[in-house]
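*Asks:*
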Amino acid sequence: MSLKGKYALITGSSRGIGRAIALKLAECGAKIGVHYYKNIDAANDTLAKVRERRSDGFIVQADVNRTDDIRGMMDHVKSEFGKLDIFVSNARPEIPEFYKPPMEIRVEQWQQAINSQATAFLLGAQLAAPLMGRGGRIIAITHSPGARSGSWQPWVGMGSAKAAMESLVRYFAVALARRGITVNSLSPGVIFGAANLVDGGVLVGLPPEVQQAIKSWHEIGWCPSRRTGTPQDVANATMLICMEESSWMTGQIFYVDGGAECNDAHLHGGIELDDRPDLLRGWRRFDYGHRIPVGNTGSRMNTRRACAGRPRN
Ligand SMILES: NC(=O)c1ccc[n+]([C@@H]2O[C@H](COP(=O)([O-])OP(=O)(O)OC[C@H]3O[C@@H](n4cnc5c(N)ncnc54)[C@H](OP(=O)(O)O)[C@@H]3O)[C@@H](O)[C@H]2O)c1
1104 MSLKGKYALI TGSSRGIGRA IALKLAECGA KIGVHYYKNI DAANDTLAKV RERRSDGFIV
1164 QADVNRTDDI RGMMDHVKSE FGKLDIFVSN ARPEIPEFYK PPMEIRVEQW QQAINSQATA
1224 FLLGAQLAAP LMGRGGRIIA ITHSPGARSG SWQPWVGMGS AKAAMESLVR YFAVALARRG
1284 ITVNSLSPGV IFGAANLVDG GVLVGLPPEV QQAIKSWHEI GWCPSRRTGT PQDVANATML
1344 ICMEESSWMT GQIFYVDGGA ECNDAHLHGG IELDDRPDLL RGWRRFDYGH RIPVGNTGSR
1404 MNTRRACAGR PRN
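What follows is the structure in structure tokens.
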């Protein structure tokens, strides 16, 4: 499978998941527009790694909260590539910009979340589509709870913004289907890359004990694959959507989460440990290493992957 002759722009590809996507698409032969916000060194490093994979591209700066910047970024793409085949909307502001629970979040923080995700995707897709011919791919990187459930409380701004993005995906999929352009969303579960803030994704910035609690939560059974994901898992899924063979898949949300989305929020995942039928009879004997939230009220609204064994409310 090859992406030779294709041109891709990935927002937020200086670091984390965006960088892994850029490198995977470069490996498949696509030329890459590496977008960054502040971290020019990381962007240049991504571009150097793109070139190590025998591809090429350029770097471009933009604040995805600013519509003028998004227009400038797309003008830059047009002048460098003359066209575009793949647009991945992946950038997300730093957590302190929006991380507040529902009763405390300020309007400006809410707007950071909504503008950087929903508005940036709206305008990005509007400007990317005219640069694309048949076979174009527009992909939104969302977040697995997204529109289906809630997440932890201070994620209200970002969770709502991702839900709006997933809704936009469906509208654009219909709008662009006759032109042979597909529009999809990839919704990653919990992602940990290498233990540094350039390659690792946002969660490697959490305190080590919180990272370990999240990993254990997955390993005991809350993620059927018994592990957290990597930026490469998301990059591989992006690559598959970009292939010509995926041309009839549009308007979808693909969960890249090792099956975690399929779990039942009402039951503790550790019950399935060891696949032992006798486990249910004697389950009280087992120490799952986590307190189970008392009562079931609102469990569908909770995220199941990040509560790390403690009730969140
Ligand atoms: N990590 C996870 O577990 C996870 C799970 C589900 C979904 N996701 C989604 O995956 C995407 C990438 O996450 P990540 O963890 O890889 O992020 P990350 O490592 O924190 O990287 C964030 C990227 O966004 C850019 N950025 C930050 N603020 C920006 C702004 N105002 N305007 C434009 N670009 C900006 C950064 O550029 P600079 O380098 O220049 O600062 C960087 O390239 C996000 O949409 C996130 O919601 C992540």
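Using my numbering, the first residue of the sequence shown is number 1104, and each one after it goes up by one.
For each residue, glycine too, the CB sits at the ideal point set by N, CA and C.
Computed from a prediction, not measured in an experiment: that's the story for all the values here.
Counting only the same chain and skipping the five closest in sequence on each side, list residues whose C-beta sits under 6 Å from that of R1329.
*Replies:* E1322
*Asks:* Report the three-state DSSP secondary structure of N1287 (helix, strand or coil).
*Replies:* strand
*Asks:* Can you tell which of A1316, V1359 and T1353 has its C-alpha closest to the C-alpha of Q1335?
*Replies:* V1359
*Asks:* Could you tell me the distance, in whole angstroms, from the CA atom of V1272 to the CA atom of S1288?
*Replies:* 7 Å
*Asks:* Report the residue from V1153, L1343 and G1361 whose alpha carbon sits nearest the alpha carbon of I1294.
*Replies:* G1361
*Asks:* I'd like to know if the region 1205–1219 and the region 1155–1174 are in contact, where contact means that at least 3 CB-CB pairs between them fall below 8 Å.
*Replies:* yes
*Asks:* Is the beta carbon of S1117 within less than 6 Å of some heavy atom of ligand 1?
*Replies:* Checking the Cβ of S1117 against ligand 1 gives yes.
*Asks:* What separation, rounded to the nearest whole angstrom, lies between the Cα atoms of W1255 and G1185?
*Replies:* 42 Å
*Asks:* Using a threshold of 7 Å, state whether the C-beta atoms of A1280 and T1341 are closer than that.
*Replies:* no
*Asks:* Is the separation between the beta-carbon of R1237 and that of T1285 shorter than 7 Å?
*Replies:* no
*Asks:* State the DSSP-derived secondary structure class of H1369, mapped to helix, strand or coil.
*Replies:* coil
*Asks:* Where does the unbroken alpha helix (DSSP H) through S1263 begin, and where does it stop?
*Replies:* V1259 to L1279
*Asks:* Are the CB atoms of D1159 and K1134 nearer to each other than 7 Å?
*Replies:* yes
*Asks:* Within 10 Å of its beta-carbon, does D1144 have 16 or more other beta-carbons around it, so buried, or fewer, so exposed?
*Replies:* exposed
*Asks:* Which runs of the beta strand (DSSP E) at least 3 residues long sit entirely within the region 1104–1154? Give them in chain order.
*Replies:* If you keep only unbroken beta strand (DSSP E) runs of at least 3 residues inside the region 1104–1154, you get 1110–1113 and 1134–1139.
*Asks:* Using the Cβ count rule (16 or more neighbours within 10 Å means buried), how would you classify H1369?
*Replies:* Counting Cβ neighbours within 10 Å, H1369 comes out exposed, since fewer than 16 surround it.
*Asks:* Per DSSP, which one or two residues make a beta bridge with A1243?
*Replies:* S1192 and S1288
*Asks:* Would you kindly report the start and end of the unbroken alpha helix (DSSP H) that includes G1175?
*Replies:* T1170 to F1184
*Asks:* Terminal residues of the continuous beta strand (DSSP E) containing I1066?
*Replies:* Here the chain comprises residues numbered 1104 to 1416, so residue 1066 is not present and cannot be evaluated.
*Asks:* Three or more beta-carbon pairs under 8 Å between the region 1242–1254 and the region 1197–1204, yes or no?
*Replies:* Because the criterion of three Cβ pairs below 8 Å is not met, the region 1242–1254 and the region 1197–1204 do not touch.
*Asks:* Apart from the five residues on each side of it in sequence, which residues of its chain come closer than 7 Å, Cβ to Cβ, to Y1139?
*Replies:* S1117, A1145, A1146, I1162 and Q1164
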